[in-house]
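Under full-length UniProt numbering, the first residue of the sequence shown is numbered 1, with each subsequent residue one higher.
Each residue gets a CB set at the ideal place from its N, CA and C atoms; glycine is no exception.
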Amino acid sequence: MAPERETQETLSNLLREDRRFEPPADLAAAANVTAEAYEEAARDRLGFWERAAERLTWAQRWDTTLDWQPPFAKWFVNGKLNVAYNCVDRHVEAGNGDKVAYHWEGEPGDSRTITYADLQKEVSKAANALTELGVGKGDRVAIYMPMIPELPVSLLACARIGAIHSVVFGGFSATALRSRIDDADAKLVITADGGYRRGAPSALKPTVDEAVKDCESVEHVLVVRRTGQDVEQNERDVWWHDVVERQSDQHTPEPHDAEDPLYILYTSGTTGKPKGILHTTGGYLTQASWTHHAVFDLKPETDIYWCTADIGWVTGHSYIVYGPLANGATSVIYEGTPDTPHRGRFWEIVQKYKVTILYTAPTAIRTFMKWGDDIPAKFDMSSLRVLGSVGEPINPEAYVWYRQHIGAGRTPVVDTWWQTETGAIMISPLPGITAAKPGAAMQPLPGIVADVIDDQAQSVPNGGGGFLVVREPWPSMLRTIWGDDQRYIDTYWSRFDGFYFPGDGAKKDEDGDLWLLGRVDDVMLVSGHNISTTEVESALVSHPKVAEAAVVGATDPVTTQAIVSFVILRGAADEGADIAKELRDHVAKTLGPIAKPRQILIVPELPKTRSGKIMRRLLRDVAENRSIGDVTTLADSSVMNLIAEKLPSAASED
Ligand code: WT7
1 MAPERETQET LSNLLREDRR FEPPADLAAA ANVTAEAYEE AARDRLGFWE RAAERLTWAQ
61 RWDTTLDWQP PFAKWFVNGK LNVAYNCVDR HVEAGNGDKV AYHWEGEPGD SRTITYADLQ
121 KEVSKAANAL TELGVGKGDR VAIYMPMIPE LPVSLLACAR IGAIHSVVFG GFSATALRSR
181 IDDADAKLVI TADGGYRRGA PSALKPTVDE AVKDCESVEH VLVVRRTGQD VEQNERDVWW
241 HDVVERQSDQ HTPEPHDAED PLYILYTSGT TGKPKGILHT TGGYLTQASW THHAVFDLKP
301 ETDIYWCTAD IGWVTGHSYI VYGPLANGAT SVIYEGTPDT PHRGRFWEIV QKYKVTILYT
361 APTAIRTFMK WGDDIPAKFD MSSLRVLGSV GEPINPEAYV WYRQHIGAGR TPVVDTWWQT
421 ETGAIMISPL PGITAAKPGA AMQPLPGIVA DVIDDQAQSV PNGGGGFLVV REPWPSMLRT
481 IWGDDQRYID TYWSRFDGFY FPGDGAKKDE DGDLWLLGRV DDVMLVSGHN ISTTEVESAL
541 VSHPKVAEAA VVGATDPVTT QAIVSFVILR GAADEGADIA KELRDHVAKT LGPIAKPRQI
601 LIVPELPKTR SGKIMRRLLR DVAENRSIGD VTTLADSSVM NLIAEKLPSA ASED
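Okay, here's the thing in structure tokens:
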């Protein structure tokens with residue numbers, strides 16, 4: 001019986017984790033959200049989201065909460081509101097104009113303090129400038145900028161006038177930028193001469209020049225001067241300091257429809273042309289704002305909140321711009337990289353601004369682990385009270401390291417699962433309620449109905465693994481793929497009838513708590529078992545010498561696929577002759593012999609996307625001795641050479 005049942009499992013559940021972290025008593029006692037929220041939402045999901053929407057200021061109340069014509073949703077039908085008013089003006093009107101919205105820290109050490117009153121003026125001027133440049137409601141504006149204050153100002157100016165922004169991360173190439181400009185038919189591009197990265201000015205304008213060459217839709221390029229680098233002056237170019245600065249700082253925000261588009265954000269996807277994920281106004285702001293309030297327990301009067309993401313990703317849209325500003329938060333924005341001018345830069349910023357809530361990514365956490373515990377230990381980070389993680393599954397060991405070495409063993413860590421497509425956090429512990437398990441995203445938030453199902457679309461029992469799905473529409477869900485409803489249906493709603501399928505594997509542990517297991521495309525088939533990359537990687541990272549690991553399945557004549565691991569050692573660890581055997585045995589002991597890697601390769605770096613996700617596809621090419629596939633989405637193209645050099649030393653045995 002047993003083996004047969006096992007081979008039918010959609011995804012194996014191998015990792016055991018017994019550690020639990022109870023919420024700190026003081027945090028629990030004063031938490032923004034209590035356990036009642038789960039019951040309340042379970043009893044009346046739409047009523048729950050209505051109350052969340054009531055946290056915003058509406059010019060006209062909606063008449064229908066949800067209009068669901070699967071898979072097309074409309075939330076807060078006929079409601080009217082202005083997103084920029086909600087994020088800025090209403091706080092000024094409430095008497096909080098002097099409150100800091102952003103502490104901005106430039107990489108070279110320059111800084112700016114922007115209050116809500118300042119932001120209102122800046123956004124109004126920018127909105128007036130956009131209007132003067134002929135941008136109106138529904139027009140698309142491409143934004144390709146460094147992390148400077150004019151970036152959130154640009155987003156808010158678009159939102160204010162109802163123009164649809166499409167932010168393209170500043171690390172993308174001219175070709176990538178052009179295809180996104182074309183797909184959205186953008187009328188205006190907002191950029192800068194450059195930004196500071198790794199201690200030097202890094203130009204952006206030349207990339208825009210190349211991207212918009214012979215591009216007919218673009219009427220103007222609006223350029224912020226940041227670095228003072230020489231820029232080519234083209235006919236369509238206008239300087240921000242010429243056009244925006246002379247505008248009136250008064251601007252009346254018109255209410256927009258709850259379902260008017262707010263922005264398009266392209267996800268790279270693994271294949272094919274990028275998908276323009278479309279988000280709208282009322283539902284998006286409702287969920288971005290409520291989740292920011294709930295998941296981070298944000299207290300706008302006292303917290304200093306810092307999300308280290310780039311505004312070029314959805315994390316920055318929802319949790320640097322819209323969520324925090326809608327909540328009247330004080331945030332930190334940092335322009336540069338964590339290792340400039342030294343590897344303690346993040347912790348120096350935490351110390352300087354007395355950051356209380358920090359939201360970052362597992363890739364960064366594992367890098368800090370690799371750099372060593374002594375670096376954060378030099379800084380006073382006693383202000384921190386909640387830590388968050390997003391972007392990939394966080395390995396239990398990285399979670400515990402984060403809690404211990406950044407949070408002094410006191411702070412809850414919230415592992416937040418969501419996607420560009422979901423618009424806001426979906427599955428996460430709540431810091432005042434959940435006894436969190438390291439590595440688990442735990443439970444869907446109140447108002448979110450998610451499940452793990454097998455390939456027959458049956459809910460898996462506790463202890464089982466399978467496909468993560470969302471069973472009911474949620475306010476900040478994508479409405480479609482820009483210009484391609486059919487692709488929206490095919491990509492997200494066709495694999496399981498009636499369910500949203502995000503493409504991730506997950507398991508329910510014995511208590512029914514959720515663990516994310518990576519993309520289902522990455523799952524490895526070893527002797528009839530579907531093994532998740534995440535579990536094997538987490539087992540490797542739980543070895544004291546390992547900082548980071550990536551595993552892939554490579555064709556194997558005996559086992560269908562065999563596990564090949566790429567491992568980065570921690571700062572202090574040396575390679576030692578027996579490290580491969582030691583690590584293979586460690587995995588076998590932790591997860592069972594089935595998960596024992598065939599090969600361990602010690603490498604200096606891993607191939608990652610620009611947002612820090614490991615590109616296992618390229619590692620599969622290495623493991624299969626194939627020529628390396630498309631590397632255009634790779635952040636650093638020299639990495640694959642470093643890995644290839646390591647190949648002859650591949651340690652394989654048994
Ligand atoms: C994919 C979405 C969400 C903003 C940043 C990424 C993975 C994200 C987690 C997490 C496990 C996670 C998933 C998801 N992911 N957060 N906490 N645990 N996996 O947005 O680029 O759209 O990527 O990132 O695979 O589907 P994105």
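### Message
Less than 7 angstroms separating the Cβ of E397 from some heavy atom of the ligand WT7?
### Response
Taking the first residue of the sequence shown as position 1, residue 397 is located at position 397. Not one heavy atom of the ligand WT7 falls within 7 angstroms of the beta-carbon of E397.
### Task
Would you check if the distance between the CB atom of V244 and the CB atom of A126 is smaller than 8 angstroms?
Along the sequence shown, read from residue 1 onward, the residue named residue 244 stands at position 244. Along the sequence shown, read from residue 1 onward, the residue named residue 126 stands at position 126. By the CB criterion at 8 angstroms, V244 and A126 fall inside the cutoff.
### Task
Within the region 51 to 102, note down every full beta strand (DSSP E) run reaching 3 residues or more, in order along the chain.
Whole beta strand (DSSP E) segments, 3+ residues: 64 to 69, 72 to 77.
### Message
Please determine whether the Cβ atom of W240 lies at a distance below 7 angstroms from any heavy atom of the ligand WT7.
### Response
Indexing the sequence shown from 1 puts residue 240 at position 240. W240 has its CB no nearer than 7 angstroms to any heavy atom of the ligand WT7.
### Query
In this structure, does DSSP put S527 in helix, strand or coil?
As a first step, residue 527 must be located in the sequence shown, where it is residue number 527. S527: coil per DSSP, three-state reduction.
### Query
If we count the other Cβ atoms within 10 Å of its Cβ and call it buried at 16 or more, is E254 buried or exposed?
What you label residue 254 is simply residue 254 of the sequence shown in a count that begins at 1. Answer is exposed; the Cβ neighbour count stays below 16.
### Task
For the ligand WT7, enumerate in chain order all residues having a CB closer than 7 angstroms to any of its heavy atoms.
Listed along the chain, these residues meet the criterion: T267, W313, V314, T315, S389, V390, G391, E392, P393, I394, D415, T416, W417, W418, Q419, T420, E421, A441, P502, G503, D504, L516, G518, R519, S611, K613.
### Query
Quick one: is K213 buried, meaning 16 or more other Cβ sit within 10 Å of its Cβ, or exposed?
Working through the sequence shown from its first residue, we reach residue 213 at position 213. Burial call: exposed.
#### Entry: 6 angstroms Cβ shell around A539 - same chain, five flanking residues per side excluded
Your numbering for residue 539 matches position 539 in the sequence shown. V587, T590, L591, listed in sequence order.
### Query
Is I563 near P597, with beta carbons less than 8 angstroms apart?
Translated into positions along the sequence shown, residue 563 becomes position 563. Translated into positions along the sequence shown, residue 597 becomes position 597. Yes, these two residues count as a Cβ contact at 8 angstroms.
### Task
Mind the definition here: the region 357 to 367 touches the region 132 to 141 only if three or more C-beta pairs lie below 8 angstroms; say whether that holds.
Cβ pair count under 8 angstroms is below three, so no.
### Message
Given this structure, state the Cα-to-Cα distance separating A506 from H292, to the nearest angstrom.
### Response
The residue labelled residue 506 in the question sits at position 506 within the sequence shown. The residue labelled residue 292 in the question sits at position 292 within the sequence shown. Cα to Cα, the separation comes out at about 24 angstroms.
### Query
Roughly how far, in whole angstroms, is the beta-carbon of Y305 from the beta-carbon of T330, given that I think they are within contact range, below 8 angstroms?
Against the sequence shown, residue 305 aligns to sequence position 305. Against the sequence shown, residue 330 aligns to sequence position 330. With 8 angstroms as the limit, Y305 and T330 qualify as a contact, their Cβ atoms being about 7 angstroms apart.
### Message
Can you find the residues in the same chain that come closer than 8 angstroms, C-beta to C-beta, to I349, ignoring five residues on each side of it along the sequence?
### Response
Residue mapping note: residue 349 aligns to position 349 of the sequence shown, counting from 1. Around I349: E105, W306, V332, Y334, V355.
### Task
Less than 8 angstroms between the CB atoms is what I'm expecting for T534 and P393, so what's the real figure, rounded?
For this step, residue 534 is matched to residue 534 along the sequence shown. For this step, residue 393 is matched to residue 393 along the sequence shown. A Cβ-Cβ distance of about 4 angstroms is found for the pair T534 and P393, placing them in contact under the 8 angstroms criterion.
### From E235, L325, A117, L278, residue whose alpha carbon lies closest to that of Q250
Taking the first residue of the sequence shown as position 1, residue 250 is located at position 250. For Q250, the closest alpha carbon among the candidates E235, L325, A117, L278 is that of A117.
#### Entry: Buried or exposed by the 16-neighbour rule on C-beta atoms within 10 Å, applied to Q60
Indexing the sequence shown from 1 puts residue 60 at position 60. So Q60 ends up on the exposed side.
### Query
When the Cα atoms are used, what is the spatial distance from D89 to F76?
Sequence index remark: in the sequence shown, residue 89 carries index 89 (1-based). Sequence index remark: in the sequence shown, residue 76 carries index 76 (1-based). If you take the alpha carbons of D89 and F76, they lie about 22 angstroms apart.
#### Entry: Same chain, Cβ closer than 7 angstroms to W239, five either side skipped, listed in chain order
For the purposes of this step, residue 239 is taken as residue 239 along the sequence shown, with counting starting at 1. Excluding residues within five positions, the ones whose Cβ falls inside 7 angstroms are V223, R225.
### Message
Measuring straight from C-alpha to C-alpha, what distance separates I433 and D260?
### Response
Counted from its first residue, the sequence shown places residue 433 at position 433. Counted from its first residue, the sequence shown places residue 260 at position 260. Each residue's alpha carbon lies about 35 angstroms from the other.
### Task
Please report how far the alpha carbon of Q69 lies from the alpha carbon of T281, in whole angstroms.
Counting from 1 along the sequence shown, the entry for residue 69 is found at position 69. Counting from 1 along the sequence shown, the entry for residue 281 is found at position 281. Whole-angstrom Cα-Cα distance: 19 angstroms.
### Environment of Q456 [buried if 16+ CB atoms lie within 10 Å]
The residue given as residue 456 occupies position 456 in the sequence shown. Taking a 10 Å sphere around the C-beta of Q456, we find fewer than 16 other C-beta atoms and assign the residue as exposed.
### Task
Would you check if the distance between the CB atom of D415 and the CB atom of I357 is smaller than 8 angstroms?
Sequence index remark: in the sequence shown, residue 415 carries index 415 (1-based). Sequence index remark: in the sequence shown, residue 357 carries index 357 (1-based). Contact flag unset, no.
#### Entry: Distance, A142 Cα to A635 Cα
The sequence position of residue 635 within the sequence shown is 635, counting from 1. The sequence position of residue 142 within the sequence shown is 142, counting from 1. Answer to the nearest angstrom: the Cα atoms are 21 angstroms apart.
### Query
Are there 16 or more other CB atoms within 10 angstroms of the CB of A440, so buried, or fewer, so exposed?
What you label residue 440 is simply residue 440 of the sequence shown in a count that begins at 1. Taking all protein chains shown into account, A440 has 16 or more neighbouring C-beta atoms within 10 Å of its C-beta and is therefore buried.
#### Entry: Inter-stretch contact at 8 angstroms, needing at least 3 Cβ pairs: the region 183 to 202 / the region 146 to 153
Touching, yes.
### Query
Mind checking whether H165 and L177 have CB atoms under 8 angstroms apart?
By 1-based counting over the sequence shown, the position of residue 165 is 165. By 1-based counting over the sequence shown, the position of residue 177 is 177. Cβ distance not < 8 angstroms, so H165 and L177 don't count as in contact.
### Task
My understanding is that A623 touches D297, with C-beta atoms under 8 angstroms, so please give their C-beta distance in whole angstroms.
Taking the first residue of the sequence shown as 1, we reach residue 623 at position 623. Taking the first residue of the sequence shown as 1, we reach residue 297 at position 297. With 8 angstroms as the limit, A623 and D297 do not qualify as a contact, their Cβ atoms being about 43 angstroms apart.
### Query
With a cut-off of 8 angstroms, do at least 3 Cβ pairs link the region 449 to 463 to the region 478 to 486?
Look at the beta carbons and you see the region 449 to 463 not touching the region 478 to 486: under three pairs across the two are nearer than 8 angstroms.
### Query
Closest by CA to D513, which one among K437, K378, I568, V546?
As a first step, residue 513 must be located in the sequence shown, where it is residue number 513. The residue with the shortest Cα to Cα distance from D513 is K437.
### Task
Drop a sphere of 10 angstroms on the beta-carbon of E210, count the other beta-carbons inside from all chains shown, and report buried for 16 or more, exposed for fewer.
In the sequence shown, residue 210 corresponds to position 210, counting from 1. Exposed is the call here.
### Query
Do S532 and T559 have their CB atoms nearer than 8 angstroms?
Along the sequence shown, one-based indexing puts residue 532 at 532. Along the sequence shown, one-based indexing puts residue 559 at 559. Not in contact: S532 and T559 (Cβ atoms no closer than 8 angstroms).
#### Entry: Closest Cα partner of P71 within the set I614, I425, Y196, V470
For the purposes of this step, residue 71 is identified with residue 71 of the sequence shown, where counting begins at 1. For the set I614, I425, Y196, V470, the Cα lying nearest the Cα of P71 is the one of V470.
### Query
Can you name the residues that DSSP bridges to T191?
Numbered from its first residue, the sequence shown carries residue 191 at position 191. Note: T191 sits in a beta bridge opposite Y144, V223.
### Task
Give the straight-line distance between the Cα atoms of G276 and A294, rounded to the nearest whole angstrom.
Here residue 276 corresponds to residue number 276 of the sequence shown, with the count starting at 1. Here residue 294 corresponds to residue number 294 of the sequence shown, with the count starting at 1. C-alpha of G276 to C-alpha of A294: approximately 28 angstroms in a straight line.
### Message
Only counting the same chain, and skipping five residues up and downstream in sequence, which positions put a Cβ closer than 7 angstroms to that of F379?
### Response
Taking the first residue of the sequence shown as position 1, residue 379 is located at position 379. Closer than 7 angstroms at Cβ, skipping near neighbours: G344, W347, E348, V350, Q351.
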